[in-house]
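Participant:
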Amino acid sequence: MNQQLAKLTGTASVVLSLLACAGLAQADGHLSKPAGFGDRPLTMIVPFGPGGGSDQLARAMAKAMEEEAGISFQVVNKAGGGGTAAIPDFMLAPADGYTVLEHIDNAISAYASGDIRENPAVDWIPLCMTQITFSQIYIRTDESRFSDWASFVEYAKANPGEATMANLGKVGSMELVVMHQLSDALGLDVKQIAFDKPAERYGALIGGHVDVLFEQPGDVRSFLDAGQMKPILTFLDARPDAFAEVPTHREVGADFESLTRFRGFFVKSGVPSDRVEFLAAACAAGFSNPDYAEFNRNKYMHLIDSYRDTEGSIELINGAVATYQAMYEQLGI
Amino acid sequence: MDMFIQGTMNLFGDWNTLLIFAMGLLGGMIFGATPGVNMLTLGAVVLPFTITMLPEHAIMLFSVIYCAGVFGGAITAILFNIPGAPENAPTCFDGYPMTLRGESGKAIGAAVSCSAIGGLASAILMMSATGAIAGWAIRAFGPQEIFALIFFGLAVSASIGAATLWKGWLSVLAGLLIATIGTDPVGGIARFNEGSLLGLSFHSYYLSAGIHFIPIILGFFAVSEVFAQAVNIAMGTRERPKAGLEFPSAAEFWRVRWTMLRSVGIGFFAGILPGIGATLAAFLGYSQAQRWSRNRQNFGKGEIEGVVASETANNAATGAAMIPLLALGLPGGALTAMMLGIFQIHGMEPGPLIFINSGELVWITFAAMFWANLLIIFLGWLQTKTVVHLLRIPFRWLAPGILMLAIVGAYALRNLFIDVWVMFIAGIAGYLLRRTGYSAAGIVLGLILGKLGESAFTKSMQLMDYNFLGFFERPIAAVLIVLGVGAVILSIAGEFRRVEQQKASLD
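Residue numbers (our numbering), protein chains in the order written: chain A, 1 to 333; chain B, 1001 to 1507.
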């Protein structure tokens, strides 16, 4: 095959498919784009590896927004440092609305602890939050040393410092703060192992390299459905219907308001306001897109209210920053 | 076997299916062979269209793009020293020198055939081995074993492309040092991103994101080669490479049969491990071939065995990478993650049940990967006869084209112009390194494996309470580390003997 011909054909097919994308959306005509915006693909940065909860959300949301708003996205994974490694790429991109960052509460805790300089409610503009969820602790179904929360606690106390938990490691992250609170309340000693890639984290539990996993139910649904993992503890004030047989942290004697995991989409401050409004509207439309709603349902996101608009997101972020800062003071982090 | 025949009939029995298959094959090869874009670009463009496809068509399409894309990257590696993807980097080491010797046809022929053989072998292994292999791999290989495997890979590959062992090691260590720039994988602490120079303090977001290996690879291989050739032209010492059309002979393939077999094993094995995949497979395949070859001294100078080893291994990894995805729902890389996305778009979850619930999908995918690899031989043979004519273009016209492709490739990574500057700096550095006998390949190896290795190492250390001896309590990890250390000691002893012999012959 001739090299230059190959290149031309490649370029042509990219152009054609982009035209096709644009054409489809124009025909549906749900949202009108601001002048001069959205004619080339936007970049969506995912600060975690492919296959994990953030990656799945970003791809589902990108698709929903493509359908609803006639824009197209290139999803880019930039994993590392518990979600902080992607922030430089985002901050280096021009403030033109063409770069959207998916990020989670980790960015808020990283700001609260001073690890990153950017305040997600000030230096970034949240377009929306589309997933707000609770956490659980999981074990392998074929685990022989323990089978539920009570027997795990027994095991962990019999082997202090031996039990290992696969976690998303970043000092002061939601996971580690919650586990710190739980360990303090129950006198547990569980070793936290930081994994930056979700697939490795799940593989580590299934493969038996760690004893338990801290995660949100939607991210491991396939493993739950396939009977490879099962929850032994839910971090929520009351048992949700879907997990009626699993005790909550309050029931096992830990009396604290558990932090939630939330995921949303941001642009940099300084993006023209018409573009911000358009993208926020696209996000809202994406959230009610039937396929996206189905995706969120599959991720157990219907169990608690999972949507916030820009205002609501800022409120959520500011509240979380205050909570984290209070927690750090209390825990001496 | 019945299942395979059924899958094949489903594949070829329907015009739609066949058309999607053919498009995937061509698209993957074209995107794989064009630097700047790659199979991931194609995957991202195609992803929205898979919504309206049947799930088995969509998954089949992506698996075909995957097979064809990994092969396509070899073409530019051989002709212009531009690896289409990191897993094609070791193909440059011998493929490009072969081109300079006028044996481009042979090199591409070997790459084509071996890509296909590696892919076929791994497709067959994949079909015969069910989820059992995936289950075994994930249990046997924890962070400690993965670190030990990477350590072993570094230890045996250290002298690739260097004039002496010491220069090889210095190159690898420089690569490892570059890999430490950026945010650490455990605590999220940025390194080398702040400081002061001549009283001016600076803070760099670029440095806290780390140096990516793509601009470094493009700089070291493509840009530095353009400089080297330009200097040769200026000095009047350059001979234009002849466009060789010769395909490797059967005897040549027979000579490298063990290398092929070894690379299939290495590639398949590396592919199964999530997150390791084709790049380590290619480097390990190459270094093991060099270690066991009778023509060891010719490696890096245009030894066909090097091309065979690297291309067999990286394609063998493709079939294997489907195993953890299908059997466990664990994607090993970006393209398999897109496939996970397709499953979810269609309301399906990969996992152990998929072989039972969606047998048709699994087997049409397996059959497609098998036939795609078989067709690569034919399409590749056509390429051997056509694409090498690009070498007839005078270098003064070719060089800007190569630089342009490299710039696009570096920029497209994350749309950062700094990456282009990094590429040019790497290009100049690569040129100087080559002239002084250091190894650009070693630095790239150190950089790629350094990042993977650091991530595995930090997890291991947390699991073992920061007790290094913990590695030796795990048999597989212990064996790999001991073999790695042994390889280093042997190569040092060999280097001393070589120097002694040289001295003796001088006396």
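All residues carry an ideal CB built from backbone N, CA and C; glycine is no exception.
For the beta strand (DSSP E) that residue 139 of chain A lies in, which residues bound it at each end?
Facilitator: 135-140
Participant: Could you please tell me which residues of the segment 1242-1270 of chain B, in chain order, have their CB closer than 9 angstroms to any CB of chain A?
Facilitator: none
Participant: Quick check: is the beta carbon of residue 1175 of chain B nearer than 8 angstroms to any beta carbon in chain A?
Facilitator: Cβ-Cβ to chain A under 8 angstroms: no for residue 1175 of chain B.
Participant: Can you pull the chain B residues whose beta carbon is under 9 angstroms from the beta carbon of residue 208 of chain A, in chain order?
Facilitator: 1138, 1139 and 1142
Participant: At a CB-CB cut-off below 7 angstroms, which residues of chain D make contact with residue 84 of chain A?
Facilitator: Of the protein chains in this structure, namely A and B, none is chain D.
Participant: On the three-pair Cβ rule with 8 angstroms, is the segment 1279-1287 of chain B touching the segment 1075-1082 of chain B?
Facilitator: Contact fails: fewer than three Cβ-Cβ distances are below 8 angstroms.
Participant: I'd like to know whether the C-beta of residue 1113 of chain B is nearer than 8 angstroms to at least one C-beta of chain A.
Facilitator: No, its Cβ sits nowhere closer than 8 angstroms to a Cβ of chain A.
Participant: Find the residues of chain B that neighbour residue 136 of chain A, judging by a C-beta separation of less than 9 angstroms, and give them in chain order.
Facilitator: Residues of chain B passing the Cβ test: none, with the nearest at roughly 18 angstroms.
Participant: Sort A:276, A:252 and A:304 by Cα distance to residue 262 of chain A and report the nearest one.
Facilitator: The shortest Cα separation from residue 262 of chain A among A:276, A:252 and A:304 belongs to A:304.
Participant: Could you have a look at residue 227 of chain A and say whether DSSP puts it in helix, strand or coil?
Facilitator: coil
Participant: Near residue 127 of chain A, which residues of its chain fall below 6 angstroms by C-beta distance, leaving aside the five closest residues on each side in sequence?
Facilitator: 265, 279, 280 and 283
Participant: From residue 55 of chain A to residue 1185 of chain B, what does the alpha carbon distance come to, in whole angstroms?
Facilitator: 18 angstroms
Participant: Just to confirm my understanding: we take residue 1174 of chain B, look at its own chain, exclude 5 residues before and 5 after, and list those with CB closer than 7 angstroms. What are they?
Facilitator: 1443 and 1446
Participant: Is residue 1063 of chain B near residue 1348 of chain B, with beta carbons less than 8 angstroms apart?
Facilitator: no
Participant: Contact check, residue 269 of chain A vs residue 123 of chain A under 8 angstroms by CB: the rounded distance?
Facilitator: 5 angstroms
Participant: Checking 8 angstroms against the spacing of the C-beta atoms, do residue 1311 of chain B and residue 1256 of chain B come in under that value?
Facilitator: no
Participant: Buried or exposed, going by whether 16 or more other CB atoms sit within 10 Å of the CB of residue 157 of chain A?
Facilitator: exposed
Participant: Measuring straight from C-alpha to C-alpha, what distance separates residue 1259 of chain B and residue 1155 of chain B?
Facilitator: 19 angstroms
Participant: Is residue 1349 of chain B close to chain A, meaning its C-beta is less than 8 angstroms from at least one C-beta of that chain?
Facilitator: yes
Participant: Which residue wins for smallest C-alpha separation from residue 1333 of chain B, given the options A:148, A:111 and A:199?
Facilitator: A:199
Participant: Pick from B:1466, B:1072, B:1136 and B:1162: whose alpha carbon is nearest that of residue 1435 of chain B?
Facilitator: B:1162
Participant: Would you list the one or two residues that DSSP bridges to residue 194 of chain A?
Facilitator: A:167
Participant: Which value, in whole angstroms, describes the spacing of the CA atoms of residue 1502 of chain B and residue 1400 of chain B?
Facilitator: 43 angstroms
Participant: Report the partner residues of residue 1190 of chain B according to the DSSP bridge assignment.
Facilitator: B:1183
Participant: From residue 1510 of chain B to residue 1026 of chain B, what distance separates their C-alpha atoms?
Facilitator: Outside the displayed range of chain B (1001 to 1507) lies residue 1510 of chain B, so it cannot be described from this structure.
Participant: Measure the alpha-carbon distance for residue 46 of chain A versus residue 75 of chain A and round it to whole angstroms.
Facilitator: Rounded to whole angstroms, residue 46 of chain A to residue 75 of chain A spans 7 angstroms at the Cα level.
Participant: Among residues of its own chain, excluding the 5 on either side of residue 1463 of chain B, which ones have a beta-carbon nearer than 6 angstroms to its beta-carbon?
Facilitator: none
Participant: Below 9 angstroms on C-beta distance, what does residue 1229 of chain B contact in chain A?
Facilitator: Simply none; closest approach about 18 angstroms.
Participant: Give the range of the alpha helix (DSSP H) segment to which residue 1298 of chain B is assigned.
Facilitator: Careful: residue 1298 of chain B lies outside any alpha helix (DSSP H) and carries neither H nor E.
Participant: In whole angstroms, what is the alpha-carbon distance linking residue 172 of chain A and residue 1189 of chain B?
Facilitator: About 12 angstroms.
Participant: Apart from the five residues on each side of it in sequence, which residues of its chain come closer than 8 angstroms, Cβ to Cβ, to residue 1458 of chain B?
Facilitator: 1184, 1185 and 1186
Participant: Work out the CA separation of residue 189 of chain A and residue 1372 of chain B for me, nearest whole Å.
Facilitator: 52 angstroms
Participant: Under DSSP, the alpha helix (DSSP H) around residue 264 of chain A begins and ends at which residues?
Facilitator: Residue 264 of chain A -> not in any alpha helix (DSSP H); beta strand (DSSP E) instead, spanning 261-268.
Participant: Based on the DSSP secondary-structure assignment, which residues constitute the bridge partners of residue 1112 of chain B?
Facilitator: DSSP output for residue 1112 of chain B lists no bridge partner at all.
Participant: Got a sec, what are the start and stop residues for the beta strand (DSSP E) residue 73 of chain A sits in?
Facilitator: 73-77
Participant: Leaving out five residues on either side along the sequence, give the residues of the same chain with a beta carbon under 8 angstroms from the beta carbon of residue 1017 of chain B.
Facilitator: 1010, 1011, 1057, 1060 and 1364
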